[in-house]
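Residues in the sequence shown are numbered consecutively from 38, following the working numbering. A virtual CB, placed ideally from N, CA and C, is assigned to each residue, including glycine. In what follows, a structure is listed as structure tokens, so that the remarks can point back to it.
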Amino acid sequence: MTIRNIAIGHNHGTNFDIEVVRSIGFRFTSRVEAILLNGTRHGDNQGHETETLEMQPEEYISRLEVTTLIEKGETRVRHIKLTTSLNRTLEAGSAGSGEKTVLSGVRILGLGGNVGHQLFMLRVRFIENYKPSEVIPGDFFAVTNIIPQGQEFESFKSSRVARMNSSRFFLETVTSIQTTTEAGAAVGDFSAKASTEFGFSVTTQSEFTEQVETETTESQTIRYAPPEGHVGLEVVPMDAFRASDGSIWYFPTNAPSIVSAPVSGESVIKQDFYDMIGVLPLHLPYMAEQSYGFEQLQGLAKQMEAQPEAA
38 MTIRNIAIGH
48 NHGTNFDIEV
58 VRSIGFRFTS
68 RVEAILLNGT
78 RHGDNQGHET
88 ETLEMQPEEY
98 ISRLEVTTLI
108 EKGETRVRHI
118 KLTTSLNRTL
128 EAGSAGSGEK
138 TVLSGVRILG
148 LGGNVGHQLF
158 MLRVRFIENY
168 KPSEVIPGDF
178 FAVTNIIPQG
188 QEFESFKSSR
198 VARMNSSRFF
208 LETVTSIQTT
218 TEAGAAVGDF
228 SAKASTEFGF
238 SVTTQSEFTE
248 QVETETTESQ
258 TIRYAPPEGH
268 VGLEVVPMDA
278 FRASDGSIWY
288 FPTNAPSIVS
298 APVSGESVIK
308 QDFYDMIGVL
318 PLHLPYMAEQ
328 SYGFEQLQGL
338 AKQMEAQPEA
348 A
């Protein structure tokens, strides 16, 4: 899978930025007059208005047909038809002569373009040859930070920001372990998941990091210090996925929580954790048999995948 950006049409008029598609509709006559993207109209107000598709969770545009035509020295979008992963369709304008562009078997990450008295250009950010990752059954939890006795830790008050920050750590870890390229299947699906969950239209690790840092700059924080006889663990629930190329990746399902873990005694933690920082047993020796790294995560994933579902 490869993440691509293409422009269909010509850059007359005014540019509008690429956005994740959460809702979409059009205004049209015999041409496409405007696109209604996430509640904002880009283009003219004449003609008829289509219905507005509100994208469902995990739904995305999987096929896009765009026909452009040169009239009076301007390249104009004559016709658009899109199909979503739930097989819902939306069409505007009049099909006919002109230059036709078809994107099929894709996952569109975002749309933008250029407008004036009509829609002149559609910019598309998408994953080509898209094959969705498979969810690996099971409950997975990751430790993303350890707060030793006598130290304080600042976490984000906003659950959205805290989850985004964990997501950035997950992406960096997966990329470094797998030496995944920016065009790799895991990174492509991570970008798609981030666009769905957070409204980010990003394609690279650096872009994702920049988006997260923009929101974290003004976010409020809270302080935590482990009580006596404990160390603090930042624990993140996550889903694990197998990408189309066989690589394993993961994404937080909720914001991280801070757990006060006893160093010893009857109330020590019994749960297994994916140790993303690699030093959990140094702080809690009894966790040596309950923590695992990326290779073990792959093994656990395969085991859980092989288990028959409960009747």
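Item                                                                                                                                                                                       : Value
Can you name the residues that DSSP bridges to D312?                                                                                                                                       : V180
Can you have a look at V139 and say buried or exposed, based on whether 16 or more other CB atoms are within 10 angstroms of its CB?                                                       : exposed
My parser needs the beta strand (DSSP E) runs of 3 or more residues fully inside the stretch 123 to 172; what are they?                                                                    : 126 to 130, 136 to 141, 144 to 152 and 156 to 165
Given that a residue counts as buried once 16 or more other Cβ atoms are within 10 Å of its Cβ, and exposed if not, what is G266?                                                          : exposed
Does the Cβ of H116 have 16 or more other Cβ atoms within 10 Å, making it buried, or fewer, making it exposed?                                                                             : buried
Could you name the residues of the same chain whose beta carbon sits closer than 6 angstroms to that of T217, not counting the 5 residues immediately before and after it, in chain order? : Any reading at T217 needs caution, since the residue's pLDDT is 43, under 50, leaving its predicted position unreliable; the model's value is listed next. Within the same chain, T217 has close Cβ partners A223 and V224.
From the DSSP secondary-structure annotation, give me the bridge partner or partners of A277.                                                                                              : I173 and Y287
Is G292 near S228, with beta carbons less than 8 angstroms apart?                                                                                                                          : The sequence shown places Ala at residue 292, not Gly. No. Outside cutoff.
Could you tell me the alpha carbon to alpha carbon distance between F193 and I259, rounded to whole angstroms?                                                                             : 6 angstroms
Run through DSSP, which three-state label would E269 get?                                                                                                                                  : In the sequence as presented, Glu is not what sits at residue 269; that position holds Gly. Here G269 sits in strand by DSSP.
Can you tell me which residues form a DSSP beta bridge with V239?                                                                                                                          : According to DSSP, which records beta bridges pairwise, V239 is partnered with nothing at all.
Checking 8 angstroms against the spacing of the C-beta atoms, do F245 and R205 come in under that value?                                                                                   : yes
So, for R429: in the same chain, excluding its five sequence neighbours on each side, which residues have a beta-carbon less than 6 angstroms away from its beta-carbon?                   : It is not possible to answer for residue 429, since the shown part of the chain is limited to 38 through 348.
Measure the C-alpha to C-alpha separation of M158 and K118 and round it to an integer number of angstroms.                                                                                 : 15 angstroms
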